[in-house]
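Chemist: What follows is a single structure, and I will ask about it in a moment.
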Amino acid sequence: DAGVIQSPRHEVTEMGQEVTLRCKPISGHNSLFWYRQTMMRGLELLIYFNNNVPIDDSGMPEDRFSAKMPNASFSTLKIQPSEPRDSAVYFCASRTGGNQPQHFGDGTRLSIL
Amino acid sequence: AQSVTQPDIHITVSEGASLELRCNYSYGATPYLFWYVQSPGQGLQLLLKYFSGDTLVQGIKGFEAEFKRSQSSFNLRKPSVHWSDAAEYFCAVGPNQAGTALIFGKGTTLSVSS
Chain A
1 DAGVIQSPRH
11 EVTEMGQEVT
21 LRCKPISGHN
31 SLFWYRQTMM
41 RGLELLIYFN
51 NNVPIDDSGM
61 PEDRFSAKMP
71 NASFSTLKIQ
81 PSEPRDSAVY
91 FCASRTGGNQ
101 PQHFGDGTRL
111 SIL
Chain B
1001 AQSVTQPDIH
1011 ITVSEGASLE
1021 LRCNYSYGAT
1031 PYLFWYVQSP
1041 GQGLQLLLKY
1051 FSGDTLVQGI
1061 KGFEAEFKRS
1071 QSSFNLRKPS
1081 VHWSDAAEYF
1091 CAVGPNQAGT
1101 ALIFGKGTTL
1111 SVSS
């Protein structure tokens, strides 16, 4: 079975540029989560969707970050404009309802120069 | 407030020795509990989960965990550690409710010495 698919795996860009991270959840999973992981702050939940609807975006750092889920099989996390402090590994995870675990993608390693 | 605490930031264990990673949680209702492992450059992989029933659960790679309600703990154990077990380990707790997010601890990094 295909797991959670994230693209790109690595992204290096200059400060001020727009960055778009992509995620394809596991088919049939109705919840999708975006996380950011850094050495300093660990694993942080940014936002999550249930049935394509954003449920909790309180973890989104600021207005430069936005996330969308136009359909059940695709989500994007966008940073505009990007800053060096946004450098991190960004993970997407998906889950079915109730007591099921979250399944993680391999992450996108983002470096903002 | 709901929270997960992993008291040990970093642990070093000799290869072949036993391992116990601690996890304590604060949760209002009966929680669902999970342990994940993250190898360098990889995403988080589920090791095991506890929902109900037998408080000792078996997972992949020879790991097990024991749920102790009285101590609000869900410690991860392995009788004999292999060098390939060196990784970061995360404990997580969640409700039995659709469309909710798990709460993760800050992780414990395991180093294995030869």
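Top line first, the protein sequences correspond to chains A and B.
One point on numbering: in this note's numbering, the residue at position 52 of the first sequence is 52, and numbering is uninterrupted.
Just so we're on the same page, this note's numbering is the position in the second sequence counted from 1, plus 1000.
Quick reminder that beta carbons are idealized off the backbone N, C-alpha and C, glycines included.
All values reported here derive from a predicted model rather than from experimental measurement.
Using only CA atoms, which one of A:89, A:14 and A:73 lies nearest to residue 40 (chain A)?
Modeler: Along the first sequence, one-based indexing puts residue 40 (chain A) at 40. Nearest of A:89, A:14 and A:73 to residue 40 (chain A), Cα basis: A:89.
Chemist: Counting contacts by CB-CB distance shorter than 9 Å, is residue 1051 (chain B) in contact with chain A?
Modeler: Start at 1 with the first residue of the second sequence, and residue 1051 (chain B) comes out as number 51. With 9 Å as the cut-off, residue 1051 (chain B) counts as an interface residue toward chain A.
Chemist: Please state whether DSSP places residue 84 (chain A) in a helix, a strand or coil.
Modeler: Within the first sequence, the letter at position 84 stands for residue 84 (chain A). Residue 84 (chain A): helix per DSSP, three-state reduction.
Chemist: Relative to the C-alpha of residue 58 (chain A), which residue among A:64, A:109, A:47 and A:52 is closest?
Modeler: Walking along the first sequence from the start, residue 58 (chain A) turns up at place 58. Ranking A:64, A:109, A:47 and A:52 by Cα distance to residue 58 (chain A) puts A:47 first.
Chemist: Leaving out five residues before and five after residue 107 (chain A) in sequence, what residues of the same chain have Cβ atoms less than 7 Å from its Cβ?
Modeler: Residue mapping note: residue 107 (chain A) aligns to position 107 of the first sequence, counting from 1. Within the same chain, residue 107 (chain A) has close Cβ partners 6, 89, 90 and 91.
Chemist: Cα-Cα, which of B:1113, B:1074 and B:1048 is closest to residue 1080 (chain B)?
Modeler: Translated into the one-based positions of the second sequence, residue 1080 (chain B) becomes position 80. Ranking B:1113, B:1074 and B:1048 by Cα distance to residue 1080 (chain B) puts B:1113 first.
Chemist: Are the stretch 1062-1069 of chain B and the stretch 1003-1015 of chain B touching by the rule of at least three beta carbon pairs closer than 8 Å?
Modeler: no
Chemist: Which residues in the same chain have their Cβ closer than 6 Å to the Cβ of residue 1052 (chain B), if we skip the five residues on either side of it in sequence?
Modeler: As a first step, residue 1052 (chain B) must be located in the second sequence, where it is residue number 52. None.
Chemist: Under 9 Å between C-beta atoms, does residue 1059 (chain B) make it to chain A?
Modeler: Along the second sequence, read from residue 1 onward, the residue named residue 1059 (chain B) stands at position 59. Look at residue 1059 (chain B): its C-beta is not under 9 Å from any C-beta on chain A.
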